[in-house]
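Here our numbering is used: the first residue of the sequence shown is 92, the next is one more, and so on. Here a beta-carbon is modelled for each residue, glycine too, at the ideal position from N, C-alpha and C. Heads up, the thing below is written out as structure tokens.
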Amino acid sequence: MLSKDIINKRRHKLLQAFSLNSPVYELFDCIEHVSFFAKDRDGVLLAANRYLIELYEFRSEDELIGHTDFDLLPRRLAEKFRQDDLQIMESGKPARKIVELFLNRQGIPSWFLTSKYPIRSTQGKVIGIMGIIQDYDARKDLFAEEPELRTALAHLHDHFREKLSIQTLAKHCQLSLRQFERKFQERFNQTPQQYLIKLRIQEACEQLMLPSQTISTIALDLGFYDQSSFTVQFKKQMGLTPLQYRKQYR
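Next comes the structure, spelled out in structure tokens:
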């Protein structure tokens, strides 16, 4: 076997030779439900694999690159993703397995696991960000080592229409309220209540596609106090009122 010094030199030479003209990221096409992306410091998409291209309903990578999240997503989501990207580029540290809501160009919402890493130049300077997006339902096994969080997510996803008490949820996971909220916040960068609201907003997006459902009926069906409180939360998450969303995406 070669010496460690020679191996490290060869590794460095190989990695230096990598470029987006030799798209190794296409290897992600061999893994189902995994999308790859790379952006520069301005948030401009410069590389994407087949799954991401299909998620956004483009025909080719050439059609997709050059766009930013603000071109592709509701403003509220784009702002959130941009904030995350800036934080990662500033700290130089990756963010792994973020559970978050993601929409395609038709406004259809789904839950995804996102992992993001800073891209560094040969001089070590952060010049962009890259990451993978995985379908949450297909990769729930990633939380196998965190049974309390897996239990919490399953309960939230199964009972989000009901009047859920976070304290009761903590007991269900055999944790104190403080332990549960701290662990959830550290893992998902949001509170359990914020996650619950996003679940309800996700379902609301789908129901708003149905003309037979009134907005007030949707609000009550999803556990909101009334249409007014639903509208406030929906606009906060989506950047549009429920009526504006219905007109834009129906």
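Check                                                                                                           : Outcome
CA-to-CA distance, T205 to L168, given in whole angstroms                                                       : 14 Å
Any non-hydrogen atom of the ligand NAP within 7 Å of S320 CB                                                   : Summarising the ligand content, the structure contains no ligands, and the ligand NAP is consequently not present.
Contact under 8 Å by Cβ, L136 with F149                                                                         : no
Within the segment 138 to 207, ranges of the alpha helix (DSSP H) (whole runs, at least 4 residues)             : 141 to 146, 152 to 155, 160 to 163, 166 to 182
Close beta carbons around S307, own chain, < 6 Å, minus the five adjacent residues each side                    : Q318
Terminal residues of the alpha helix (DSSP H) in which M405 lies                                                : Any answer about residue 405 is impossible in this case: the structure gives the chain only from 92 up to 341.
Three-state secondary structure assigned by DSSP to V135                                                        : coil
Validate contact between the segment 235 to 255 and the segment 282 to 298 using beta carbons, cut 8 Å, 3 pairs : yes
Residues near E237 in its chain [Cβ-Cβ closer than 8 Å; skip 5 each side]                                       : R278
For I220: DSSP bridge partner residues                                                                          : K130, P209
Start and end residues, alpha helix (DSSP H) containing E239                                                    : 238 to 250
Test: D226 CB closer than 8 Å to a CB of chain D                                                                : The displayed structure is made up of one protein chain only, and chain D is not part of it.
T332 to V323 span [Cα, whole Å]                                                                                 : 8 Å
DSSP bridge partner residues for D226 (one or two, in chain order)                                              : F203
In DSSP terms, what L125 is bridged to                                                                          : Residue 125 is actually Val in this sequence, not Leu. DSSP, once it has assigned bridges, lists Q225 as partnering V125.
Other residues of its chain near R173: CB distance less than 7 Å, five sequence neighbours each side excluded   : G134, D160
Simplified DSSP assignment, three categories, for S307                                                          : helix
Euclidean distance between Cα positions of H103 and W202                                                        : 37 Å
8 Å Cβ cutoff met for D162 and N140                                                                             : no
C-beta contact flag for D312 and R252 at 8 Å                                                                    : yes
Cβ-Cβ distance between L260 and P283 below 8 Å                                                                  : yes
Reduced DSSP secondary structure (H/G/I, E/B, other) of K104                                                    : helix
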